[in-house]
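Asker: What follows is a single structure, and I will ask about it in a moment.
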Amino acid sequence: MTTSDTAVHTQPFQAEVSELLHLMVHSVYSETDIFLRELVSNASDACDKLRYEAIASPALLGEGDALKIRIIPNKTAGTLTIADNGIGMERQELIDHLGTIARSGTKAFVSKLREAKDGLGLIGQFGVGFYSAFMVAEKIVVVSRRAGESDVWSWSSSGGSGFEIARAGDEEAARVVRGTEIVLHLKDDAKKYLEAYEIERIVSAYSDNILFPIELVPEEGEPRQINSASALWQRSKSELSAEDYKKAYQQIASAFDDPAMTLHYRAEGRYSYAVLLFAPSTKPFDLFEPNRKGRVKLYVRRVFITDDADLLPGYLRFIRGVVDSEDLPLNISREMLQNNPQLAQIRKAVATRVVSELESLAEKDAENFAKIWDAFGAVLKEGIYEDFERREKLLALSRFTTTSGEKRSLKQIIADFKPNQTEIYYLVGESIERLKSNPRLEAATARGIEVLLLSDPVDAFWTSMPTEFEGKPLKSLSQGDLNLDLIPRVDDKDEAKKDEPEADEAATIAVIKAALGERVSDVKASTRLTSSASCLVADSQGPSRELERILAQQNRGMRTKPILEINLRHPLVTAITKAQAGSKTVDDLGLLLLEQAQILDGELPEDPAAFAARLNRLVLQGLG
């Protein structure tokens, strides 16, 4: 054994950890119970990992006690110990797991925690549960021995700028035969957590469904198990209450909200498996991570295998819960998971059942479905683009903001079709507010047509494919030709505008084309506009302007030249034909039509300084 092996090594925390600990130590929270749930959850994970690794290496389990978690209060010393005989950690693992936060979202978490009055709900969301112990402890000592290893290591910190790590002493090494022991030196105002009834209350509330026994080891008396330690998903629905499901959801998902939907069933037949899934009612922080990783855990005969089995398609990644198979091999590998035909059948069946349950919820419990849609509607709409098999069902589930109201279904929109209307009309843009003032709505508004206002980035993608619902095609108001002449107008004022003189179409278009040159692909007379002078549209055969904008921001495509549509009855357009051909005024007016259309689309003119100068010239000319 070298001197470096036995010496105490001091190491600073990662920057984000230091800031996080400062917030934990110096903030006051209305509830601090969560620390115990997080530490028990970590201990359960350690037992799960050992049980899984022992499938391939049974010697790791040895002849020691059965896997369990122990909670040991010591009023004399003022310490609370949470110990497990799970997988344990080596020296480097202690440094990696307790000295850094090597997952995305940490900066966002710290920022939100700094802003929040009470950050408890964020702890579970961001997976930094170990550090919550510093809310109640002035010092933490972690002693760990990895399964199959002889070395025992001790990690300690007082929540300052760093931590110390060294070989554990003989007494600690003798105490930790395998697994991890966390000793919390409690603050004076946290000594209530040494009371047996407090510990039992928290375990009952948060950790009752942990699969491993949780033993309370009092200073006096015999150790006793204080949780049910049963796989709730294997029990009958008739045995369980809404409160049981809520506790199970919060424990499985490390969540604090109530589930908006619970799906619990057992599939029998060719393959047998139990399913317990939940839809949260609030949005988790990692919902839009690029890897779109799911959070449904795969068990085989109650043995945890992985939470990375992609048991649901990406557009259902917000679903939390467990699928427990009776038929899969316990030693199934990651490579086998990707190609296993049995698991593929389970994936398909479970995804279909989840979508069906969402349909049922939408019909029977609109309030809870609204919570799901508000939090995850943008994610569910990814399925319209990706999942052709379930596209019609997902379209039926979708709720839209329209020119007539909010949370409108396509069934409702079709039921309110105007006479001779055969298409569902939509408009895609950056925000609902901007879409409501978009000039492309004018012709539809004049006829009382309800239009979908789509502002989620995914809307630009799923609408790029030919899509219909119940035989009614979806038609963009900003792409291709539009003819609403068969649908009667409801606005007499707009009807009266038909009698207003209009500019000569051919001559006006020729003049504007000459002024704009290569800035546009074409200039056309508009059937979309009733009061605005111009708008920009995309060709019916190409991508929409909104999709082009999104792809250009990601450097995944070039923007094509738009088509400029003009309102031949607008005074600005008629003024062009009256002006002297080839004059500066004609050029200025033609460019103004293009630039105001760009501004209405939320874009800057190509040359803002030239636009300002041109506008000033026209204003002064009018005043003169």
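Under my numbering, the sequence shown is numbered contiguously, ending at residue 1400. All C-beta atoms in this analysis are idealised placements derived from N, C-alpha and C, irrespective of residue type, glycine included.
#1: Is DSSP giving Val1299 helix, strand or coil here?
#2: Here's a check: name, in chain order, each residue in its chain whose Cβ is nearer than 6 Å to the Cβ of Ser1101, leaving out the five neighbours to either side.
#3: Taking all protein chains shown into account, do 16 or more other C-beta atoms lie within 10 angstroms of the C-beta of Glu1226, making it buried, or fewer, making it exposed?
#4: Check whether the segment 1190-1200 touches the segment 1137-1149, counting contact only when three or more Cβ pairs, one atom from each stretch, lie closer than 8 Å.
#5: Given a threshold of 16 other Cβ atoms within 10 Å of its Cβ, counted over all protein chains shown, does Gly761 qualify as buried or as exposed?
#6: For His873, which residues does DSSP report across the bridge?
#7: Of all the options Arg1166, Leu1323, Phe1237, Ala1291, which has the alpha carbon lying nearest to the alpha carbon of Phe1245?
#8: Where do the N-terminal and C-terminal ends of the alpha helix (DSSP H) with Lys1022 fall, by residue?
#9: Who are the Cβ neighbours of Lys1073 in its own chain at under 6 Å, not counting the five residues just before and after it?
#10: Please report how far the alpha carbon of Leu826 lies from the alpha carbon of Leu1106, in whole angstroms.
#11: Per DSSP, which one or two residues make a beta bridge with Gly1097?
#12: Short of 7 Å in beta carbon distance, which residues of its chain neighbour Gln1118, apart from the five on each side in sequence? Order them along the chain.
#13: Tell me, to the nearest whole angstrom, how far the beta carbon of Val1155 is from that of Phe1061; I am working on the premise that it is less than 8 Å.
#14: For Trp1238, which residues does DSSP report across the bridge?
#15: Drop a sphere of 10 angstroms on the beta-carbon of Asn1115, count the other beta-carbons inside from all chains shown, and report buried for 16 or more, exposed for fewer.
#16: What first and last residue would you give for the alpha helix (DSSP H) that runs through Asn1392?
#17: If I'm right that Ile1108 touches Ile1081 with Cβ under 8 Å, what's the distance once you round it to whole angstroms?
#18: By the DSSP assignment, the alpha helix (DSSP H) with Leu735 in it spans what residues?
#19: Could you compute how far the alpha carbon of Asp1369 sits from the alpha carbon of Val1349?
#20: Using 10 angstroms around the beta-carbon of Val1362, count the other beta-carbons present and answer buried if the total reaches 16, otherwise exposed.
#21: Just confirm the distance between the C-beta atoms of Leu1340 and Leu1292, as a whole number of angstroms; I'd bet it's less than 8 Å.
#22: Look up Ala1314 in the DSSP assignment and say whether it is helix, strand or coil.
#23: Excluding five sequence neighbours on each side, which residues of the same chain lie with their C-beta closer than 6 Å to the C-beta of Leu837?
#24: In whole angstroms, what separates the C-alpha of Ser926 from that of Phe1237?
#25: Which of the three DSSP states, helix, strand or coil, is assigned to Asn1144?
#26: With 16 as the cutoff for other CB atoms within 10 Å, does Gly1247 come out buried or exposed?
#27: Tell me whether Met911 sits in a helix, a strand or coil according to DSSP, three-state version.
#28: Between Leu1039 and Tyr1021, what straight-line distance do the alpha-carbon atoms span, to the nearest angstrom?
#29: Run the CB neighbour count on Glu761, radius 10 Å, all protein chains shown included, and call it buried at 16 or more, exposed below.
#30: Could you have a look at Leu1203 and say whether DSSP puts it in helix, strand or coil?
#31: Go to Arg1210, then tell me how far its beta strand (DSSP E) extends in each direction, as first and last residue.
#32: According to DSSP, is Glu976 helix, strand or coil?
#33: Looking only at its own chain, which residues have a Cβ that is under 8 Å from the Cβ of Val928, when we skip the five neighbours before and after it?
#34: Bridge partners of Tyr1041, per DSSP?
#35: Are the Cβ atoms of Leu874 and Phe939 separated by less than 9 Å?
#36: With DSSP run on the structure shown, which of helix, strand or coil describes Ala853?
Answerer: Let me lay it out:
#1: strand
#2: Tyr1049, Val1076
#3: By the 10 Å Cβ count, Glu1226 comes out buried.
#4: These segments do not touch.
#5: One cannot answer for residue 761 here, as it falls past the ends of the chain, which runs 777 to 1400.
#6: According to DSSP, His873 bridges with nothing at all.
#7: Arg1166
#8: 1018-1029
#9: Asp1083, Val1098
#10: 13 Å
#11: Leu1053, Val1072
#12: Tyr1047, Asp1103, Leu1104
#13: Between Phe1061 and Val1155 the Cβ distance is about 14 Å, and since that is not below 8 Å, they are no contact.
#14: The partner list for Trp1238 (beta bridge, DSSP) is empty, contrary to what the question assumes.
#15: By the 10 Å Cβ count, Asn1115 comes out exposed.
#16: 1384-1399
#17: Indeed, because the Cβ distance is near 7 Å, the residues count as touching under 8 Å.
#18: The structure shown does not extend to residue 735, since the chain is modelled only from 777 to 1400, so the question has no answer here.
#19: The sequence given here has Leu at residue 1369, not Asp. Roughly 8 Å between the two C-alpha positions.
#20: buried
#21: 7 Å
#22: strand
#23: Ala830
#24: Roughly 56 Å between the two C-alpha positions.
#25: helix
#26: exposed
#27: helix
#28: 10 Å
#29: Not covered by the structure: residue 761. The range shown for the chain is 777 to 1400.
#30: Taken through DSSP and simplified to helix, strand or coil, Leu1203 comes out as strand.
#31: No beta strand (DSSP E) contains Arg1210, which is instead part of the alpha helix (DSSP H) from 1208-1212.
#32: Here Glu976 sits in helix by DSSP.
#33: Val919, Ser920, Arg921, Arg943, Ala944, Glu948, Ala949, Val952
#34: Note: Tyr1041 sits in a beta bridge opposite Val1051.
#35: yes
#36: coil
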